[in-house]
Amino acid sequence: DAGITQSPRYKITETGRQVTLMCHQTWSHSYMFWYRQDLGHGLRLIYYSAAADITDKGEVPDGYVVSRSKTENFPLTLESATRSQTSVYFCASSDSYEQYFGPGTRLTVT
Amino acid sequence: GQQLNQSPQSMFIQEGEDVSMNCTSSSIFNTWLWYKQDPGEGPVLLIALYKAGELTSNGRLTAQFGTTRKDSFLNISASIPSDVGIYFCAGPRYYNFNKFYFGSGTKLNVKP
C-alpha cells in the first residue's frame, strides 16, 4: 500500500529550465493539492484539483502549471524555474477534511 | 495568509515529561487537524477533531476541540525521543475543505 508518492525526492535545476514534479496516489482520492513549504511562510497552497480535469489556483500559483488527466496523478510543472521557487514541495490528497501528504520534493534552482 | 497561531514556537523537554501545545484563531473553525512533521519528511496526520468539546486520543497523544471553536490543544504524555519533530495544527476555511489554514508549528525537542 504505497499511499502517496512524490518524485523526484531531490532536484537541482538551473534558472529558466522547465521542471516537472510528480505526485501519485493509490487511494483514489478525489482531491489533490500542491503546497510549498518555506521558512517563515509555513505551508502555502499552490494549486488543487477536485477531480480529473478540474483544477484551481491556490494562494501562490504564479509560475506553476498543473494538470490532472488521471485521478491518481497530479504533476506540477515549473515552466521557467526561478531562484524564488527553491523550496520543498508537498503533494497531498483527500476525500474529506483529512489531507494526507507525500514525502516531499526538495527543489533547488541555481 | 495564516490565521492559526500556535504556541509555544519551540519546546525543550526531558524524556518522560508531558507536553502541551495549543492553536488559536480569531475565526471559528469546524474541524481541527493535528499533524507531525519529521525532518525531511511530509506532515503525518495524528488526530482529526470534528465537534466542539471533542476529546480524542491516539496512543500517548490527546487532542481537544475547544468549546469556543476558536482553539485546539494537543497533549503528549510521557514523551520519548521519537516525539521530536514539528507539530502543526490545521483546519479548513468554513466548509470548503479545499482551502486549509496551517499553523506555523511547534518544534519539540526531547532530551534523553
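Those protein sequences? They're chains H and P, same order as listed. Counting in my numbering, the first sequence runs from 437 upward without gaps. Counting in my numbering, the second sequence runs from -2 upward without gaps. Each residue gets a CB set at the ideal place from its N, CA and C atoms; glycine is no exception.
Which residues does DSSP list as the beta-bridge partners of residue i?
i        : result
H/Gly470 : According to the sequence provided, residue 470 of chain H is Trp. The question's Gly does not apply to it. DSSP lists H/Tyr483 and H/Cys527 as partners of H/Trp470.
P/Lys108 : P/Gln11
H/Gly442 : Sequence check: residue 442 of chain H is Gln here, not Gly. Answer is H/Cys459, bridged to H/Gln442.
P/Gln61  : P/Leu52 and P/Phe70
H/Val502 : H/Leu512
H/Ile536 : The sequence as given places Tyr at residue 536 of chain H; Ile does not occur at that position. According to DSSP, H/Tyr536 bridges with H/Ser529.
H/Leu543 : H/Lys447 and H/Ser523
P/Ser17  : P/Asn72
H/Gly478 : H/Asp474
P/Gly82  : P/Leu105
Can you tell me which of the three DSSP states residue i falls into?
i         : result
H/Gln521  : helix
P/Ser54   : strand
P/Pro115  : Residue 115 of chain P falls outside the range modelled here, since chain P spans only -2 to 109, and no answer is possible.
H/Asp489  : coil
H/Gln454  : coil
P/Thr103  : strand
P/Ser23   : coil
P/Gly(-2) : In this predicted model, P/Gly(-2) has a pLDDT of only 47, less than 50, meaning its place in the structure is not dependable enough to derive any value.
Can you tell me where the beta strand (DSSP E) with residue i in it begins and where it stops?
i        : result
P/Trp29  : Trp29 to Gln34
P/Ser4   : Leu1 to Ser4
P/Asp68  : Asp68 to Ile73
H/Thr449 : Tyr446 to Thr449
H/Asn509 : Looking at the DSSP string, H/Asn509 is not in any beta strand (DSSP E), and its letter there is neither H nor E.
P/Ser44  : Sequence check: residue 44 of chain P is Ile here, not Ser. Run containing P/Ile44: Val41 to Leu46, per the beta strand (DSSP E) assignment.
Stretch-stretch touch, CB-based, cutoff 8 Å, three pairs: the segment 496 to 508 of chain H with the segment -2 to 15 of chain P
no
Check whether the segment 20 to 33 of chain P and the segment 79 to 87 of chain P touch, using three or more Cβ-Cβ pairs below 8 Å as the test.
yes
Is the number of C-beta pairs between the segment 522 to 541 of chain H and the segment 453 to 471 of chain H that are closer than 8 Å three or more?
yes
Mind the definition here: the segment 452 to 464 of chain H touches the segment 507 to 517 of chain H only if three or more C-beta pairs lie below 8 Å; say whether that holds.
yes
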